[in-house]
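There are 2 protein chains.
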Amino acid sequence: MFKATTVIVQTSMDAMKTGWFSEINDFWPGVSLSLELENTLHREKSQYQDVLVVQTKTYGKALILDGIIQCTEKDEFAYQEMIAFLPLCSHPNPKNVLIVGGGDGGVAREVAKHPNVERIVQVEIDSTVLEVSKKYLPFMGVGLNNPKVTLNVGDGFEFMKQHTKEFDVIITDSSDPIGPAECLFQESYFSLMKTALKPGGIVCSQAGTAWMNLDHVVKTFQHCKSSFAIVDYGITSVPSYPTGQIGFVLGGLSTETNFKVPKRIFTEEELDEMNLRYYSSEVHKAAFVLPRFVEKALKSYRTT
Amino acid sequence: MFKATTVIVQTSMDAMKTGWFSEINDFWPGVSLSLELENTLHREKSQYQDVLVVQTKTYGKALILDGIIQCTEKDEFAYQEMIAFLPLCSHPNPKNVLIVGGGDGGVAREVAKHPNVERIVQVEIDSTVLEVSKKYLPFMGVGLNNPKVTLNVGDGFEFMKQHTKEFDVIITDSSDPIGPAECLFQESYFSLMKTALKPGGIVCSQAGTAWMNLDHVVKTFQHCKSSFAIVDYGITSVPSYPTGQIGFVLGGLSTETNFKVPKRIFTEEELDEMNLRYYSSEVHKAAFVLPRFVEKALKSYRTT
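Protein chains in written order, with this note's numbering: chain A, 131 to 434; chain B, 131 to 434.
In structure tokens:
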């Protein structure tokens, strides 16, 4: 039924067809994901990074920052739904939410769906990403125009210094710790988020893949634990990310927080109304069940 | 800390360094995983397929058949442990096990660990894979030498016609449905497995990734359901497979089978003794919790 290609072995990438984008980075050495392109929709060097939007053959539109795939139309929902609903559904009443980063708008789109959320403040450092997403990636950019959202262009670090005890949930949707986002994985960042939270507050940060960067996952986990009573690591499947999996470090101020058991359970009808394609309460619980090698690496640091 | 590469955008794969293996196949169009190579350890055209063993830079040794990555040293345990222990731990007493395919030996290695398993019969069509694995991939090939294992070189289809009501569990560890393994995904194959099983028997077959081949997953699921009372689909994370995820279709003859709840629960000490790095009872249960878009696609066919 399926014709195996005749090009079965490449001893060099030179042998491949032209017209592919390849992600190559020292953070995941020796492995590279490539997407076949239809065309480039936009490319611009912003104040902070190289911003590229492409139309791929089978993954839809894709946003690429400094050569790293941030999201593709095919699978971005798995990431956005999980980074939003894991913390939101772990909080008894998430009214005020801060999003740091997330310039494409996908996280804001998901956070705004939660019925308890009244106000979303978003701080994105790179205005070019906001503009590009609104123009070329409307399926995510739409989130930025939600009436619940107040957009700030600036440094999340500086913003939080001016806002104490203001938020129920802080979501950090950053790029990887190899460019402008490096500071968002440090201990000082987690301790600053703590001051910006209301009592019982929760944080959720993109924290990389255990398959490739286990040391980095453990380190981010430790940093979170130094400021939060309850810490956990949840995972989701995202094919266009390195190793096809990404994880989130979550921290809770209250010892009553238990990320493994969602406080808010949505019915199938509610999930349908919110157009959730990945997240459910069962998926929430399963996200914190980790492969043994990951469980072991985090064991001495895990709080539950 | 991490230096972003200066090669940030490839409009063509020609721009990449030489010395990479790239997986390109019509079964997952528009996307390609590449592994950087140290050297080629062996290459041979067998009676059935192109057999290639390479030493990669960061994924260890890898077996590649007809240009498709079958397993890498870095992550093969996630696949082998799950395809073996999901069915074995769903059966009350899995004494006799048939493995169809699995020529690298990884599945036999895992099946032999289960304390109830007394006898493993393996039928692999390509003797070259067996020889190559024993010689170049001893971390998997060792499974073929286990005293519980009886090896047969031949066609699993033909073998089963001669063996009725003989096995408690049948595991089909095949390559993808685009070459010699195509027949192992058909309805007739599931109905033949049924005849080779003892009462209460269970089957588990590699069934591809829902992210890329949802139609194929649904079709394999339907074929299984036409012969088995209880059917389910479980998933695991394997970075070197397309989309970083692969699933298994499981079928049970008895209505008392419930794949979601393992019958055999191993202690942490037992899991350590068996050197299980991925599988645990909690991972077992979580494997059957599916993203909503997969759950919906299978909903009308699922039995539990």
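Glycine included, each C-beta is placed from N, C-alpha and C at the ideal position.
Could you tell me which whole alpha helix (DSSP H) segments of length 4 or greater appear in the stretch 205-267 of chain A?
Correct list: 206-218, 236-241, 257-266.
Please say whether Leu-344/A and Pro-217/A have beta carbons closer to each other than 8 Å?
Along the first sequence, read from residue 1 onward, the residue named residue 217/A stands at position 87. Along the first sequence, read from residue 1 onward, the residue named residue 344/A stands at position 214. Not a contact, by the Cβ cut-off of 8 Å.
Give the secondary structure of Gln-352/A by DSSP, where H, G and I count as helix, E and B as strand, and everything else as coil.
Locating residue 352/A in the first sequence gives position 222, where the first residue counts as 1. Note: Gln-352/A maps to helix in three-state DSSP.
Compare the C-beta of Leu-428/A against all C-beta atoms of chain B and say whether one is closer than 8 Å.
In the first sequence, counting from the first residue as 1, residue 428/A sits at position 298. False, the Cβ-Cβ gap to chain B never drops below 8 Å.
Which runs of the beta strand (DSSP E) spanning at least 3 residues fall entirely within the stretch 370-421 of chain A, listed in chain order?
Listed in chain order, they are 375-382.
Cβ atoms of Leu-274/B and Gly-235/B: under 8 Å apart, would you say?
Residue 235/B sits at position 105 when you count from the first residue of the second sequence. Residue 274/B sits at position 144 when you count from the first residue of the second sequence. Yes, Cβ-Cβ distance for Gly-235/B and Leu-274/B is below 8 Å.
Thinking Leu-260/A and Leu-281/A are a contact (beta carbons under 8 Å), I'd like their distance in whole angstroms, please.
The count along the first sequence starts at 1 and reaches residue 260/A at position 130. The count along the first sequence starts at 1 and reaches residue 281/A at position 151. That belief holds up - the Cβ atoms of Leu-260/A and Leu-281/A are roughly 7 Å apart, short of 8 Å.
Do you know offhand how far Cys-201/A's Cα is from Tyr-371/A's?
In the first sequence, counting from the first residue as 1, residue 201/A sits at position 71. In the first sequence, counting from the first residue as 1, residue 371/A sits at position 241. Their Cα atoms are separated by approximately 8 Å.
Once DSSP output is grouped into helix, strand and coil, what is the label at His-293/B?
As a working mapping, residue 293/B is identified with position 163 in the second sequence. His-293/B falls in the coil class under three-state DSSP.
Are the CB atoms of Ile-365/B and Leu-420/B nearer to each other than 8 Å?
Stepping through the second sequence from its first residue, residue 365/B is reached at position 235. Stepping through the second sequence from its first residue, residue 420/B is reached at position 290. Yes, these two residues count as a Cβ contact at 8 Å.
Counting only beta-carbon separations shorter than 8 Å, does Ser-305/B have a partner in chain A?
Taking the first residue of the second sequence as position 1, residue 305/B is located at position 175. No, because no Cβ of chain A sits closer than 8 Å to the Cβ of Ser-305/B.
Would the beta-carbon of Ser-162/A be found less than 7 Å away from any heavy atom of the ligand FMN?
Absence of the ligand FMN is noted for the structure shown, with no ligands found whatsoever.
Output yes if chain B places a C-beta closer than 8 Å to the C-beta of Gly-190/A; else output no.
Taking the first residue of the first sequence as 1, we reach residue 190/A at position 60. No, Gly-190/A lies away from the interface with chain B (no Cβ there is under 8 Å from its Cβ).
Roughly how many angstroms separate the alpha carbons of Lys-191/A and Val-184/A, rounded to a whole number?
The sequence position of residue 191/A within the first sequence is 61, counting from 1. The sequence position of residue 184/A within the first sequence is 54, counting from 1. Roughly 6 Å separates the two Cα atoms.
For the pair the stretch 309-321 of chain B and the stretch 324-342 of chain A, tell me if three or more CB-CB distances fall below 8 Å.
The stretch 309-321 of chain B, when compared against the stretch 324-342 of chain A, does not touch it at the 8 Å Cβ threshold.
Against Tyr-319/B, what residues of chain A qualify as contacts under a CB-to-CB distance less than 9 Å, listed in chain order?
Here residue 319/B is taken as the residue at index 189 of the second sequence, counted from 1. Ordered by position in chain A, no residue passes the 9 Å Cβ test against Tyr-319/B, which lies about 15 Å from the chain.
Spatial neighbours of Cys-354/A within its chain, please: CB distance less than 6 Å, with the 5 preceding and 5 following residues excluded, ordered by chain position.
Residue numbering aside, residue 354/A sits at position 224 when the first sequence is read from its first letter. Hits under 6 Å: Phe-320, Val-361, Val-379, Gly-381.
Does Tyr-363/B come out as helix, strand or coil in the three-state DSSP assignment?
Here residue 363/B refers to the residue found at position 233 of the second sequence. Residue state, collapsed to three classes: strand.
Where does Ile-255/A land, buried or exposed, given buried means 16+ other C-beta within 10 angstroms?
As a working note, residue 255/A is residue 125 in the first sequence. With 16 or more other Cβ atoms within 10 Å, it is buried.
Quick one, are the C-beta atoms of Asp-298/A and Asn-226/A less than 8 Å apart?
Locating residue 298/A in the first sequence gives position 168, where the first residue counts as 1. Locating residue 226/A in the first sequence gives position 96, where the first residue counts as 1. Yes, they are a contact pair.
Ends of the alpha helix (DSSP H) at Ser-321/B?
On the second sequence, position 191 is the one that residue 321/B refers to. Run containing Ser-321/B: 317-326, per the alpha helix (DSSP H) assignment.
Please determine if the stretch 405-419 of chain A and the stretch 199-213 of chain A are in contact, where contact requires at least 3 C-beta pairs separated by less than 8 Å.
Verdict: yes, contact present.
Can you tell me whether Lys-429/A is buried or exposed? The criterion is at least 16 other CB atoms within 10 Å of its CB, across all chains shown.
Here residue 429/A refers to the residue found at position 299 of the first sequence. So Lys-429/A counts as exposed.
Are the beta-carbon atoms belonging to Lys-415/A and Val-391/A less than 8 Å from one another?
In the first sequence, the residue the question calls residue 415/A occupies position 285. In the first sequence, the residue the question calls residue 391/A occupies position 261. Result yes, Cβ atoms of Lys-415/A and Val-391/A sit closer than 8 Å.
Any beta carbon of chain A sitting closer than 8 Å to that of Val-299/B?
Looking up residue 299/B in the second sequence gives position 169. Taking Cβ atoms only, chain A never reaches closer than 8 Å to Val-299/B, which makes this a no.
Since Gln-336/B sits in a beta bridge, which residues does DSSP pair it with?
In the second sequence, residue 336/B corresponds to position 206, counting from 1. DSSP lists Phe-378/B as partners of Gln-336/B.
Once DSSP output is grouped into helix, strand and coil, what is the label at Ala-427/B?
Counted from its first residue, the second sequence places residue 427/B at position 297. Three-state result, Ala-427/B: helix.
Name the chain A residues that come within less than 9 Å of Lys-390/B, Cβ to Cβ?
As a working note, residue 390/B is residue 260 in the second sequence. The contacting residues do not exist; Lys-390/B stays about 10 Å from chain A at best.
Pro-277/A: which of Ile-250/A, His-221/A, Ile-301/A sits nearest, CA to CA?
Start at 1 with the first residue of the first sequence, and residue 277/A comes out as number 147. Of the listed residues, the one whose Cα sits closest to Pro-277/A is Ile-250/A.
Looking only at its chain, what residues have a beta carbon closer than 7 Å to the beta carbon of Leu-401/B, apart from the 5 residues adjacent to it on each side?
The residue labelled residue 401/B in the question sits at position 271 within the second sequence. Correct list, in chain order: Ser-410.
Identify each residue in the stretch 228-239 of chain A for which the Cβ-Cβ distance to at least one residue of chain B is less than 7 Å, and report them in chain order.
Of all residues in the stretch 228-239 of chain A, none has a Cβ within less than 7 Å of some Cβ in chain B.
Mind checking whether Asp-451/B and Gln-179/B have CB atoms under 8 Å apart?
Missing from the structure shown is residue 451/B; chain B here goes from 131 to 434 and no further.
Tell me the rounded alpha-carbon separation between Pro-268/B and Glu-203/B.
Here residue 268/B refers to the residue found at position 138 when the second sequence is read from its first residue. Here residue 203/B refers to the residue found at position 73 when the second sequence is read from its first residue. Answer to the nearest angstrom: the Cα atoms are 10 Å apart.
Tell me where the beta strand (DSSP E) around Lys-191/B begins and ends.
Along the second sequence, one-based indexing puts residue 191/B at 61. Residues 191-195.
Contact criterion: CB-CB distance below 8 Å. Does Lys-291/A meet it with respect to chain B?
Stepping through the first sequence from its first residue, residue 291/A is reached at position 161. Judged by the 8 Å Cβ criterion, Lys-291/A is not in contact with chain B.
Which residue or residues does DSSP assign as beta-bridge partners of Asn-169/B?
Counting from one through the second sequence, the residue named residue 169/B turns up at place 39. Answer by DSSP bridge pairing, in chain order: Gln-185/B.
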